[in-house]
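Here's the structure, in structure tokens; my notes come after.
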Amino acid sequence: MQHIATSRQENSFYARLYQRYAPGIFAYIYQQTGSREDAEDIVLEVFLAVLQQGKFSTFDEKKQEAWLWTIARNKAVDLHRRSAREQRTSIDYLADTLYEDEAKAPEHISLKREEYAQLHTTIKALSTQQQTVLQLHFGHGLKCAEIAPVLNKSEGAVRMLLFRTIRGLRAIYQKTREKAGHDERA
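Counting from 1, one number per residue, gives the positions in the sequence shown under the UniProt record's numbering.
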């Protein structure tokens with residue numbers, strides 16, 4: 001009877017873990033790969049790795065989360081290496097939800113699409129590490145301390161990377177807007 005109770009507790013633990021982290025990991029992997037199928041496969045591989053890691057349930061919650069994100073990131077990198085494809089950051093699903101709220105104003109949608117396209121182009125020009133820190137911080141709400149083990153960096157290094165990435169994005173965006181304003185006047 002003790003074995004059955006322990007087994008049910010473990011199943012409940014893994015079910016809660018999956019419910020909590022699978023959607024975010026899926027979104028992150030989907031952004032990295034642009035493929036729903038690849039993202040689903042990697043999510044399954046991540047949670048299979050959890051089951052195979054005998055000591056996972058003994059980790060504290062922060063270590064569990066960092067471990068999950070690290071495995072997810074590594075699996076995405078492995079996929080890129082295996083497929084030898086150019087890395088793509090697909091945020092189209094964000095555009096779909098963005099436009100649902102503004103469906104009544106077509107001119108507003110057109111402007112938002114232009115801004116979205118510019119932001120997408122600018123983000124794609126960033127390094128993989130810069131894209132990852134933005135996705136984990138803004139897309140998944142992780143703090144710098146939580147991102148640090150995923151990127152194998154100190155918390156301070158992650159803060160600096162995030163700061164420099166945002167500053168760089170802002171500068172590129174402002175230059176683009178200034179150029180667009182200059183081109184319209186010409």
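By construction, the Cβ of each residue, glycine as well, lies at the ideal position given by its N, Cα and C atoms. Note that this is a predicted model, so its numbers are computed, not measured.
Of the residues assessed, residue 75 falls on the buried side of the cut-off, its CB having 16 or more other CB atoms within 10 angstroms.
The C-alpha of residue 112 lies about 15 angstroms from the C-alpha of residue 122. Annotation: residue 152 is outside any alpha helix (DSSP H) and is labelled neither H nor E by DSSP. Nearest neighbour of residue 14 by Cα position, chosen from 48, 147, 149 and 151, turns out to be 48.
A direct Cα-to-Cα measurement between residue 166 and residue 173 gives close to 10 angstroms. For residue 142, the three-state secondary structure derived from DSSP is coil.
Counting only the Cα atoms, residue 155 lies some 31 angstroms from residue 36.
Taken in chain order, the complete alpha helix (DSSP H) segments of 4 or more residues contained in the UniProt domain "RNA polymerase sigma-70 region 2" (17 to 85) are 36 to 52 and 61 to 83. Contact annotation: residue 133 and residue 162 have beta-carbon atoms nearer than 7 angstroms. Straight across, the Cα-Cα distance linking residue 141 with residue 65 is about 12 angstroms. For residue 125, the secondary structure class from DSSP, reduced to helix, strand or coil, is coil. For residue 16, the closest of 164, 50, 40 and 41 by C-alpha to C-alpha distance is 50. Relative to the Cα of residue 152, the nearest Cα in the group 117, 125, 69 and 114 belongs to 69.
With a threshold of 16 other beta carbon atoms within 10 Å, residue 73 meets it and is buried.
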